[in-house]
Every structure is written in C-alpha cells, then in structure tokens.
Amino acid sequence: MRAAERLGERTERLGGWAGRCGGRVERLALPLGVALTVAALTLVFYYPVGSVLIEAVVRGGRLTATPLLDVLANPFYTGVAHHLFADLWGVPAGTIEWVRAGFRPVEFGLFGFTTYQALLSTLASVALGLPGAYLLARYEFRGRRLVRSLTILPFVLPSIMVAVGFLAMFGRNGTLNDLLGTVGFGPVDALFTLEIVVLAHAFYNAPLVVRLVAAAWEGVDARRVETARALGASPARAVRDVVLPRVLPALLTAALLAFVFTFMSFPIVLALGGLRLATVEVWLFARVRDLELAEAATLGAIETALSVALIYLYLRYEAHQADAGTGGTALARRPLLAGWRTLRDPLRMGLLAYAALALVVFVGPLSSLLVESVTGPGGKLTAAYYEFLFAQQSATAVGTTKPLPAIVNSLVFGVGTLLLAVPMGIVVSVVATRGGPGSRAAETVLSASLAVSGIVVGLGLLRTLVFGTRILGRRIVLTGAVVIVLAHAVAAYPFVSRNLTPALGRLDPRFTDAARSLGASPLRALIDVELPLVAPAVLAGAAFAFAISIGEFDSTVLLAEGVSSYTMPVALERYIGNRSLGPSLGPATAMGTVLLLVTAVSFVAIDRLGGRWEP
Numbered sequence: 082m083r084a085a086e087r088l089g090e091r092t093e094r095l096g097g098w099a100g101r102c103g104g105r106v107e108r109l110a111l112p113l114g115v116a117l118t119v120a121a122l123t124l125v126f127y128y129p130v131g132s133v134l135i136e137a138v139v140r141g142g143r144l145t146a147t148p149l150l151d152v153l154a155n156p157f158y159t160g161v162a163h164h165l166f167a168d169l170w171g172v173p174a175g176t177i178e179w180v181r182a183g184f185r186p187v188e189f190g191l192f193g194f195t196t197y198q199a200l201l202s203t204l205a206s207v208a209l210g211l212p213g214a215y216l217l218a219r220y221e222f223r224g225r226r227l228v229r230s231l232t233i234l235p236f237v238l239p240s241i242m243v244a245v246g247f248l249a250m251f252g253r254n255g256t257l258n259d260l261l262g263t264v265g266f267g268p269v270d271a272l273f274t275l276e277i278v279v280l281a282h283a284f285y286n287a288p289l290v291v292r293l294v295a296a297a298w299e300g301v302d303a304r305r306v307e308t309a310r311a312l313g314a315s316p317a318r319a320v321r322d323v324v325l326p327r328v329l330p331a332l333l334t335a336a337l338l339a340f341v342f343t344f345m346s347f348p349i350v351l352a353l354g355g356l357r358l359a360t361v362e363v364w365l366f367a368r369v370r371d372l373e374l375a376e377a378a379t380l381g382a383i384e385t386a387l388s389v390a391l392i393y394l395y396l397r398y399e400a401h402q403a404d405a406g407t408g409g410t411a412l413a414r415r416p417l418l419a420g421w422r423t424l425r426d427p428l429r430m431g432l433l434a435y436a437a438l439a440l441v442v443f444v445g446p447l448s449s450l451l452v453e454s455v456t457g458p459g460g461k462l463t464a465a466y467y468e469f470l471f472a473q474q475s476a477t478a479v480g481t482t483k484p485l486p487a488i489v490n491s492l493v494f495g496v497g498t499l500l501l502a503v504p505m506g507i508v509v510s511v512v513a514t515r516g517g518p519g520s521r522a523a524e525t526v527l528s529a530s531l532a533v534s535g536i537v538v539g540l541g542l543l544r545t546l547v548f549g550t551r552i553l554g555r556r557i558v559l560t561g562a563v564v565i566v567l568a569h570a571v572a573a574y575p576f577v578s579r580n581l582t583p584a585l586g587r588l589d590p591r592f593t594d595a596a597r598s599l600g601a602s603p604l605r606a607l608i609d610v611e612l613p614l615v616a617p618a619v620l621a622g623a624a625f626a627f628a629i630s631i632g633e634f635d636s637t638v639l640l641a642e643g644v645s646s647y648t649m650p651v652a653l654e655r656y657i658g659n660r661s662l663g664p665s666l667g668p669a670t671a672m673g674t675v676l677l678l679v680t681a682v683s684f685v686a687i688d689r690l691g692g693r694w695e696p
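Take the sequence shown: its position 428, counting from 1, is numbered 509 in the working numbering, and each next residue is one higher.
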C-alpha cells in the first residue's frame with residue numbers, strides 16, 4: 082500500500098514537473114521561433130547579401146570606396162554622369178560646352194538606360210492599368226469577379242514563361258505575323274526592341290495598378306460625393322475634391338512599385354532584349370557568368386542600395402497612409418452593358434474598346450504559347466514538339482536538358498520551399514501583429530528580401546555557401562537542391578506573411594483573451610485559436626510560396642548545377658537559348674505549356690482559398 086502511495090506521489094511530482102517544463106517550453110516557443118527565423122535569414126540572406134555589399138567596399142582587408150568609384154566614374158555605367166565622380170569641378174565647363182554645341186545627344190550609360198526603360202514601363206503600366214481599375218470599381222458586368230481574381234497573376238506567372246509567350250506572339254513566325262499575313266500585311270519584327278520589353282513589363286505590372294487603384298476607388302465614400310454635389314460642386318469638382326485624394330495615393334504607390342519591379346526585371350529583358358538592351362540586372366548576370374565576381378559584387382551593391390532606398394520610400398508612404406479611413410458607403414456600380422444606350426455612350430464604348438485591347442495584351446501571349454506548342458510549319462497541327470521533349474528524356478548526350486528532371490525538381494523544390502517559407506512567414510506575421518515596440522521595424526527588417534533582386538541573392542549564395550564558408554570553425558558547403566530551396570524560401574516567405582498579417586490583424590482579440598483567461602499560453606492561443614481562424618490565409622500563403630518557387634528564375638539560373646538541379650524555368654531558358662535543341666521555338670513553347678499548367682493549378686488554389694497580396 083505504501084509502495085503504491087509513494088508511486089502515486091512520484092507520478093504526481095513528475096506530472097507537475099512536466100507541466101512546468103511544458104509551460105516553460107510554450108513560453109519560450111515564440112521567442113525561439115523568432116530566433117530560429119532570424120538565424121535562418123542570417124545564414125541564407127543577410128550574410129550572403131552582406132558579403133556582396135562588403136566586397137564592394139573592402140579590398141585587401143581595408144575599407145575603400147575605389148570599387149564603387151571605378152564603376153560610377155565609368156561612362157559605360159553612368160554615361161554623362163560619370164563626370165560627377167571622375168571630374169566634379171569640370172562639370173560646369175562641360176555643361177557650357179554642351180550648350181554651345183547645340184545640346185548634342187548624350188549617353189546615360191547602363192544605369193541611365195535601366196532607369197529610362199523602367200520609367201517607360203511604369204508609364205505603360207499605369208496607362209494600361211488605370212482604365213481597368215476604373216472599370217472594375219465603377220461598373221458591373223459578367224465575369225467581373227474573375228477579372229479581379231486574375232489581377233494576382235503577376236505574382237504567380239513565371240516571368241520566363243511570359244517572355245516565351247511574347248516570343249511566340251511577336252516573333253517573326255509568331256501568331257501576330259500569321260494573322261497579319263492572312264489579311265495581306267507584311268511581317269512585323271518586334272523582337273529585341275525596347276517597345277516589346279516595355280509591353281511585356283506592362284503585361285506584368287498593369288494588373289498591380291488595377292488591383293491597388295480599384296481597391297482605393299471602391300473605398301471612396303459615396304456620401305461625401307453626394308454632399309459635395311449637394312453643396313453645388315460640379316461632377317468634375319466632386320471628383321477632384323473627393324475621389325482624387327483617395328485614388329491618387331494608391332496610384333502613386335502602384336507606380337512606385339511598378340518602377341521598382343521593372344528596374345530589377347531580369348528574365349523578360351534577358352529573353353526579349355538580350356545584351357543589346359541590357360539593364361543592370363542582365364549585365365550583372367553576364368558578369369557572374371564571365372566570373373567577373375568583384376565587378377558583379379560592386380554592381381549588385383549599387384543596385385541593392387537603389388532598390389532598398391525606393392522600397393524604404395514606399396514603406397514610409399504606406400505607413401503614412403495606413404490610418405486613412407475606409408468606412409462609409411461605396412459608390413454604386415453601374416451596368417457596363419445598357420442595351421442600345423451603350424452605343425450612344427462614349428464612355429462605355431471607350432471602356433469596351435479598352436477591354437478588347439486588354440484582352441489582346443493579356444490573353445494574346447498565353448494563348449500564343451499554347452497555339453505555337455501544337456502548330457508546326459505551314460500552320461498544321463502537330464505533336465512534334467512534345468515528342469521532342471520525350472525524345473530528350475531518353476537522350477544520352479552529356480548536358481542534355483531533359484524535361485522530366487526539370488518537372489520533378491520544380492515540384493520537389495516547391496514542396497521544400499513551402500515547408501520552410503510557411504513557418505518563417507507565420508513568425509514574421511506574429512511579430513508584425515503583436516504590436517510591441519519596434520514591431521513594424523522588425524517586420525521591415527525581416528521582409529528585406531523584397532528589396533533585393535534574385536540575382537544578388539544568388540551571387541551572395543555563390544560567394545558564401547556554394548563556394549564554402551567557415552561558421553563557428555567549421556567549413557560549410559551547400560550546393561544543388563539544398564541551396565536552391567533556401568534561395569526560393571527567401572523569395573517566398575514575404576508572400577506568406579503578406580497574406581497572413583492582414584488576417585491576423587483583423588481577428589477579434591476577444592477570442593484570444595478568452596483562451597488566455599482559461600489558462601492558455603500565448604503559443605497555445607496562437608495554435609488553438611488564431612491559426613485555425615486564419616487557416617485560409619495560411620493555405621493561400623502556402624500556395625503562393627509553392628507558385629513563387631515553381632516560377633523562380635533569377636537565383637536558380639545561377640545556382641543550378643549542370644543537369645542535376647535545374648528547374649522548369651531554367652530548362653525553358655535553355656530551350657530558348659539553344660535552338661539546336663529543337664527545330665524552332667516549339668520545344669520552348671511545349672515546356673512553357675507544361676509550366677503554365679502547373680502554375681494554373683497554383684492560381685486556382687490561391688483564388689479558392691481567398692489569397693491576396695497587398696504590397
């Protein structure tokens with residue numbers, strides 16, 4: 082009997098000790114999660130990118146500005162602005178001489194051209210997206226919800242696949258020239274021109290303009306417009322005083338983001354412009370391929386400084402606009418089609434004409450991709466390009482780009498990215514929504530990968546983890562699939578947090594308070610109450626992470642080793658770049674179609690789960 086009592090006492094003490102330990106573990110779990118996330122980001126992002134930045138200002142162990150000045154003072158990079166760094170005191174005399182010479186044309190260099198094409202692309206994106214935002218916000222029509230859902234496509238579609246779609250549509254033997262030939266017009270040679278690059282950028286960024294501006298337009302309080310009209314304001318005055326103050330900030334935000342994205346654009350410029358229209362990102366890639374790593378590091382440091390400055394301006398502006406009210410009654414939407422009145426309404430007819438143009442711009446490249454993959458010489462249907470892919474699978478030549486390993490690698494890397502990015506995104510979202518001191522600053526630092534291009538991340542990983550680095554006295558070398566999944570996770574986790582943070586912020590705190598009052602720890606309340614309530618946002622973020630990994634090209638093209646770890650986008654680029662692999666662009670369009678199908682599944686998952694990405 083006594084033995085049983087002693088056993089019961091020991092069991093009770095053991096249970097109490099386990100309970101206390103469990104409580105300590107739960108209390109430490111969130112800080113531990115934050116610490117692990119910071120450690121992981123330090124290893125695979127901050128340290129690699131930091132090594133690139135340090136290389137630009139350190140030579141022989143000494144701090145120096147010489148590498149930066151060598152680039153900035155080089156006319157190839159900065160054009161006429163190189164005088165500011167090479168001979169500052171000679172600028173006034175040079176300016177006077179330029180005026181006397183009749184304002185002769187000047188060169189603006191690589192950075193100047195990159196800025197110029199980004200400005201043109203931003204203007205094109207705004208011009209193409211603004212009417213669409215007005216259409217979605219002010220008119221009702223069948224398919225409106227689907228069109229609104231499609232505005233997340235820029236964050237899902239692989240850019241190298243879109244580039245192949247533009248090649249299939251605007252190439253010498255593309256669908257556009259085929260259609261022009263049937264009506265007696267000559268071919269249009271649009272490839273490797275600035276216009277096609279700008280149009281492709283507009284394809285990507287106009288939906289971003291539509292999404293942000295339409296949301297702002299729908300947030301205009303109809304009662305304020307009615308009050309302005311009741312006080313004697315004309316319709317134009319009501320728009321100027323009530324609607325524009327609400328819409329203009331969203332338009333400026335969208336334009337700034339479009340500029341940042343097009344400034345750092347890589348696959349589209351590489352495929353549609355080549356070195357002839359090289360931007361900083363394309364030239365940076367070329368320098369890495371030529372093993373000019375020191376020069377590449379300097380270029381990467383300058384580009385990163387510029388992009389971080391632009392993203393910082395955006396975040397400051399976003400914080401300033403965060404308190405803008407969204408309440409009130411939304412403006413009523415009118416039917417787009419109003420019978421015969423539609424033909425007599427210039428605005429409706431203009432919007433219908435815009436819809437037709439948008440249909441060509443947005444649907445044309447993707448439909449051309451599908452059509453060209455099954456169309457042979459002479460316009461006959463063929464399965465030859467898909468047969469070619471199967472033939473490549475059984476080829477034994479060294480260096481053959483086989484489709485099946487690319488598909489399998491992409492899917493496996495996508496799952497690995499999902500498993501890493503989702504926990505990291507959850508941690509960042511929890512940090513952002515806890516509202517403690519410095520939570521917003523912490524979120525900004527933890528989301529810094531949004532401001533750094535994939536090429537710079539890939540270069541940093543090459544210089545550190547791939548070539549080998551010493552950490553705590555041990556040499557660490559990561560190659561192949563491991564380092565690619567890490568790079569993909571760095572690119573994907575901000576999309577998880579951007580989906581989850583708004584959902585966590587909207588939760589009723591009374592649910593969490595009730596759980597805490599019943600004795601639940603913060604971790605238990607998060608797991609048992611908060612995360613189940615925001616499960617759709619978590620799942621949508623996971624779908625985003627998977628889609629980002631499937632389409633990631635920038636860092637993967639640097640990190641993929643031979644034939645062992647390439648993905649579908651990298652295989653697609655190899656099919657484009659080496660026409661000896663196939664009879665035409667057909668094999669690339671066939672591989673692009675496979676990639677499009679995988680992407681479409683991800684898009685459907687995101688849409689059904691209510692996925693969103695608010696920049």
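For each residue, glycine too, the CB sits at the ideal point set by N, CA and C.
Since this is a predicted model, take the numbers as computed values, not measurements.
| query | Excluding sequence positions up to five away, which residues of its chain have a Cβ less than 6 Å from the Cβ of I507? | reply | The residue labelled residue 507 in the question sits at position 426 within the sequence shown. For I507, where only same-chain residues beyond five positions count, there are no Cβ hits under 6 Å.
| message | Suppose the cutoff is 6 Å on Cβ atoms and the five residues either side in sequence are ignored; what does the same chain contact list for V207 look like? | response | As a working mapping, residue 207 is identified with position 126 in the sequence shown. Taken in chain order, the residues that qualify are V290 and A336.
| query | How should M430 be labelled, buried or exposed, when 16 other C-beta atoms within 10 angstroms of its C-beta is the threshold for buried? | reply | Along the sequence shown, one-based indexing puts residue 430 at 349. Its Cβ having fewer than 16 others within 10 Å, M430 is exposed.
| Terminal residues of the continuous beta strand (DSSP E) containing R556? | By 1-based counting over the sequence shown, the position of residue 556 is 475. Note, R556: beta strand (DSSP E), R555 to I557.
| query | Would you say V577 and G632 are within 7 Å of each other, going by their C-beta atoms? | reply | Here residue 577 refers to the residue found at position 496 of the sequence shown. Here residue 632 refers to the residue found at position 551 of the sequence shown. Contact flag unset, no.
| query | Are there 16 or more other CB atoms within 10 angstroms of the CB of P709, so buried, or fewer, so exposed? | reply | An answer regarding residue 709 cannot be provided, because it is not within the stretch 82 to 696 covered by the chain.
| query | Can you tell which of R318, L639, A199 and P330 has the C-alpha that lies nearest to the C-alpha of L540? | reply | Position 459 of the sequence shown, counted from the start, is the residue given in the question as residue 540. The residue with the shortest Cα to Cα distance from L540 is L639.
| Can you tell which of T525, L462, T481 and V571 has the C-alpha that lies nearest to the C-alpha of L500? | To locate residue 500, count along the sequence shown from 1; it is residue 419. Looking at the Cα atoms, V571 is the closest of the given residues.
| message | Rounded to the nearest angstrom, what separates L310 and V324 at their Cα positions? | response | The residue given as residue 310 occupies position 229 in the sequence shown. The residue given as residue 324 occupies position 243 in the sequence shown. Just to set this straight, residue 310 is Arg in the shown sequence, not Leu. Whole-angstrom Cα-Cα distance: 12 Å.
| request: Excluding the 5 residues preceding and the 5 following P129 in the sequence, name in chain order all residues of the same chain whose CB lies nearer than 6 Å to its CB. | output: Numbered from its first residue, the sequence shown carries residue 129 at position 48. So the qualifying residues of the chain are G541, L542 and T545.
| According to the neighbour-count rule (16 or more other Cβ atoms, all chains shown, within 10 Å of its Cβ), is A476 buried or exposed? | The residue labelled residue 476 in the question sits at position 395 within the sequence shown. By the 10 Å Cβ count, A476 comes out exposed.
| field | Cα-Cα separation, P650 to G131 | value | Counted from its first residue, the sequence shown places residue 650 at position 569. Counted from its first residue, the sequence shown places residue 131 at position 50. Whole-angstrom Cα-Cα distance: 27 Å.
| What are the residues that DSSP puts in a beta bridge with L462? | Position 381 of the sequence shown, counting from 1, holds the residue named residue 462. Note: L462 sits in a beta bridge opposite T456.
| task | Determine the closest residue to G213 out of S202, V245, A283 and A287, with distance taken between C-alpha atoms. | result | To locate residue 213, count along the sequence shown from 1; it is residue 132. Of the candidates S202, V245, A283 and A287, the one whose C-alpha sits nearest the C-alpha of G213 is A287.
| Are there 16 or more other CB atoms within 10 angstroms of the CB of S598, so buried, or fewer, so exposed? | The count along the sequence shown starts at 1 and reaches residue 598 at position 517. Answer is exposed; the Cβ neighbour count stays below 16.
| Near C102, what residues of its chain come up, given a Cβ to Cβ distance below 8 Å and the 5 sequence neighbours on each side ignored? | One-based indexing of the sequence shown puts residue 102 at position 21. Confidence is the limiting factor: at C102 the pLDDT is only 45, short of 50, which leaves the residue's position unreliable, though a coordinate-based value still follows. Closer than 8 Å at the Cβ level, and outside the excluded window around C102, lies no residue.
| field | Whole-angstrom distance between A513 and R305, CA atom to CA atom | value | For the purposes of this step, residue 305 is taken as residue 224 along the sequence shown, with counting starting at 1. For the purposes of this step, residue 513 is taken as residue 432 along the sequence shown, with counting starting at 1. Answer to the nearest angstrom: the Cα atoms are 33 Å apart.
| N254 versus I135, V363 and V269, residue with shortest Cα-Cα distance | Taking the sequence shown and counting its residues from 1, one reaches residue 254 at position 173. Here the closest residue by C-alpha is V269.
| request: Go to T159, then tell me how far its alpha helix (DSSP H) extends in each direction, as first and last residue. | output: Locating residue 159 in the sequence shown gives position 78, counting from the first residue. First-last of the alpha helix (DSSP H) with T159: P156 to T159.
| Which class does T648 belong to by DSSP, given the choice of helix, strand or coil? | Within the sequence shown, the letter at position 567 stands for residue 648. Here T648 sits in coil by DSSP.
| task | With distances taken Cα to Cα, identify the nearest neighbour of I344 among T196, L432, L122 and A465. | result | In the sequence shown, counting from the first residue as 1, residue 344 sits at position 263. In the sequence on display, residue 344 carries Phe and not Ile. Taking only the C-alpha atoms, the option nearest F344 is T196.
| field | Which listed residue (V294, G354, L293 and G445) has its alpha carbon closest to that of A275 | value | The residue given as residue 275 occupies position 194 in the sequence shown. Checking the sequence, you will find Leu at residue 275 rather than Ala. Among V294, G354, L293 and G445, the Cα nearest to that of L275 belongs to G354.
| request: Taking all protein chains shown into account, decide if Y466 is buried (16 or more other Cβ within 10 angstroms of its Cβ) or exposed. | output: Sequence index remark: in the sequence shown, residue 466 carries index 385 (1-based). Buried, by the Cβ-count rule.
| task | Tell me, please, whether the region 248-264 touches the region 445-461 by the rule of three or more beta-carbon pairs shorter than 8 Å. | result | yes
| said: On the DSSP letters alone, give me the boundaries of the alpha helix (DSSP H) that R225 sits inside. | reply: What you label residue 225 is simply residue 144 of the sequence shown in a count that begins at 1. Residues R225 to S230.
| Are F625 and I241 closer than 7 Å when you measure CB to CB? | By one-based count along the sequence shown, residue 625 stands at place 544. By one-based count along the sequence shown, residue 241 stands at place 160. It is not a contact, given that the beta carbons lie outside the stated cut-off.
| field | Contact check, L365 vs A377, beta carbons under 7 Å | value | In the sequence shown, residue 365 corresponds to position 284, counting from 1. In the sequence shown, residue 377 corresponds to position 296, counting from 1. Taking 7 Å as the Cβ cut-off, L365 and A377 qualify as a contacting pair.
| Any idea which residues DSSP pairs Y220 with across the strands? | For the purposes of this step, residue 220 is taken as the residue at position 139 of the sequence shown. Looking at the DSSP assignment, Y220 forms a beta bridge with R415.
| said: Could you tell me the alpha carbon to alpha carbon distance between P326 and T680, rounded to whole angstroms? | reply: Here residue 326 refers to the residue found at position 245 of the sequence shown. Here residue 680 refers to the residue found at position 599 of the sequence shown. Going by the C-alpha atoms only, they are around 37 Å apart.
| query | Which residues in the same chain as A502 place their Cβ atom closer than 7 Å to its Cβ, once the five residues preceding and following it in sequence are excluded? | reply | Counting from one through the sequence shown, the residue named residue 502 turns up at place 421. Counting only Cβ-Cβ distances below 7 Å, and skipping sequence neighbours, we find A570, A573, Y574, V577 and A626.
| request: Drop a sphere of 10 angstroms on the beta-carbon of P316, count the other beta-carbons inside from all chains shown, and report buried for 16 or more, exposed for fewer. | output: Taking the first residue of the sequence shown as 1, we reach residue 316 at position 235. When all chains shown are included, P316 counts as exposed.
| task | Have a look at F194 and V566 and give me their C-alpha separation to the nearest angstrom. | result | Translated into the one-based positions of the sequence shown, residue 194 becomes position 113. Translated into the one-based positions of the sequence shown, residue 566 becomes position 485. Their backbone Cα atoms lie some 33 Å apart in a straight line.
| task | Grab the span of the beta strand (DSSP E) containing I552 for me, first residue to last. | result | The count along the sequence shown starts at 1 and reaches residue 552 at position 471. Note, I552: beta strand (DSSP E), T550 to I552.
| query | Under three-state DSSP, which class holds L440? | reply | Taking the sequence shown and counting its residues from 1, the one referred to as residue 440 is at position 359. The answer is helix: DSSP assigns L440 an H, G or I state.
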